[in-house]
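Reviewing the structure listed below.
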Amino acid sequence: LGKILSINLNEILKNKDEEEKIALKTFHPKWFVKYCIKLMGKSQALKFFKTNLKFKKVYLRLNTLKGKEEELKKKIESEGVKLEKVTNFPYVYFLKKAEKPLVKLEAYADGLFYIQDKSSCLAVLAANPKPGDVVIDACAAPGGKTSFLAQLMSNEGKIYSLDYSKERVKLWIKEMNRMNVKNSMMILCDLTKHIPLKIEADIVLLDPPCTGTGTLMKNPSMKWKITFPLIKKFQNIQFKMLENCSRLVKANGTLIYSTCSITLEENELLIERFLKLNPNFKLISINSFIGFPGFRSKNLCKRLYPHTNESEGFFIAKMKKEF
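For the numbering used here, add 585 to where a residue sits in the sequence shown, where the first one is 1.
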């Protein structure tokens, strides 16, 4: 042990190439370091890696299905919590202080708030649901997006929530009860296959399973499990889901695709392929003050990063079905 502790880091790094040095210094796999430098440039990639080593900021979305926003904030803060409003994000607050775990609060049990990253909230805000809309929330469990959709819809209209996991659906049911959601129903199905719905929705929001490369602050061990073949595997699943979900969008309706991954394969490349095969869909602008334009001429898409937006790494594409 003494020998290990006395090893000079500079001696270890002396004969390594630049990418391997960065990988060792920032505790990221070399292939991922190389990938990110190519994706966003060395300067931004270094900031991204360093931010991944920090504690993730925690955000709460106040649930106005349970009361007025100011009253909810007072009740939550009466339990030793300090909140700070996030500019231009309706109902979203940054957690500055908490005297005990949030899930132990009476306000949590009463459904006064949902612990939800602002990037996830942005996907719902991009969808812009209205009371009375027919909405499909695909890959809905555990229910963060469903409950926010219901909140923006004032529990009016209909939300069809789809998921494939019985265990996750149990959690979704629990959360819908906690959050006082009244206008949603769950349908258990495999989105890569047949979706047992014969409706035309105003909005379809798909947030499929992904590699989670944007969530490494929250899930640091994940980076050692992700491989390029795994990215391709997820890409195939995501594309099948997107194709199937797109068939449920009505003419002039909206299709939202989002992931908590930063890879091109799961995002721009997938959207590029989808739009080539489905000329009746076109990308439209996302009304957002944060995030960066997507790559590969997909500048109407949005990319968020932990080091620039104080959020999870995230991708959002908003599409309109023209006919």
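Just so it is clear, CB atoms sit at the ideal spot from N, CA and C, and this is done for glycine as well.
- In the DSSP annotation of this structure, the continuous segment of the beta strand (DSSP E) that includes residue 836 starts and ends at 834-844.
- Boundaries around residue 669 are those of the beta strand (DSSP E), 666-670, since no alpha helix (DSSP H) includes it.
- Of the residues assessed, residue 874 falls on the exposed side of the cut-off, its CB having fewer than 16 other CB atoms within 10 angstroms.
- Contiguous beta strand (DSSP E) elements confined to the region 693-754 occur at 698-700, 719-723, 743-748, taking only those with 3 or more residues.
- Beta bridge pairing from DSSP links residue 677 with 646.
- For residue 779, the number of other beta carbons within 10 angstroms of its own is below 16, and it is reported as exposed.
- One thing to note: residue 705 has its Cβ no nearer than 7 Å to the Cβ of residue 725.
- Sequence-distant Cβ neighbours of residue 867 in its own chain, meaning closer than 8 Å and more than five residues away, are 860, 904, 905, 907.
- Checking the DSSP bridge columns, you'll see residue 877 partnered with 888.
- The beta carbon of residue 842 sits closer than 7 Å to the beta carbons of 791, 827, 856, 902 from its chain, once the five residues preceding and following it are set aside; these are given in chain order.
- The Cβ neighbour count for residue 787, taken over all protein chains shown within 10 Å, is at least 16; the residue is labelled buried.
- Under the Cβ criterion (8 Å, minimum of three pairs), the region 764-776 counts as touching the region 735-742.
- C-alpha of residue 679 to C-alpha of residue 718: approximately 30 Å in a straight line.
- If you draw a 10 Å sphere on the C-beta of residue 751, you find fewer than 16 other C-beta atoms in it, and that means exposed.
- By the Cβ-count criterion, residue 833 is buried, with 16 or more other Cβ atoms from all chains shown falling within 10 Å of its own Cβ.
- If you look at residue 780, you'll find it isn't in any alpha helix (DSSP H); DSSP assigns it neither H nor E.
- DSSP, read as helix, strand or coil, puts residue 769 in strand.
- In this structure, residue 840 sits near residue 831, with a CB-CB distance shorter than 7 Å.
- According to DSSP, residue pairing for residue 903 in a beta bridge involves 841.
- Three or more pairs of CB atoms, one per stretch, sit closer than 8 Å, so the region 656-664 contacts the region 679-699.
- The secondary-structure analysis by DSSP pairs residue 866 across a beta bridge with 906.
- In the three-state DSSP reduction, residue 658 falls in the helix class (H, G or I).
- When the alpha-carbon of residue 686 is set against those of 674, 671, 664, the nearest one is in 664.
- Here the alpha carbons of residue 639 and residue 614 stand approximately 17 Å from one another.
- In this structure residue 853 is buried. Its beta-carbon is surrounded by 16 or more other beta-carbon atoms within 10 angstroms.
- Looking at the DSSP output, residue 788 bridges to 720, 839.
- For the 7 Å CB-CB criterion, residue 816 and residue 760 do not form a contact.
- Beta-carbon to beta-carbon, residue 777 and residue 721 are separated by about 16 Å, too far to satisfy the 8 Å threshold.
- In the three-state DSSP reduction, residue 689 falls in the helix class (H, G or I).
- CA-to-CA, the gap between residue 646 and residue 668 works out to about 11 Å.
- Counted as a single uninterrupted DSSP element, the alpha helix (DSSP H) harbouring residue 822 occupies residues 813-831.
- In the three-state reduction of the DSSP assignment, residue 653 falls in the coil class, being assigned neither a helical nor a strand state.
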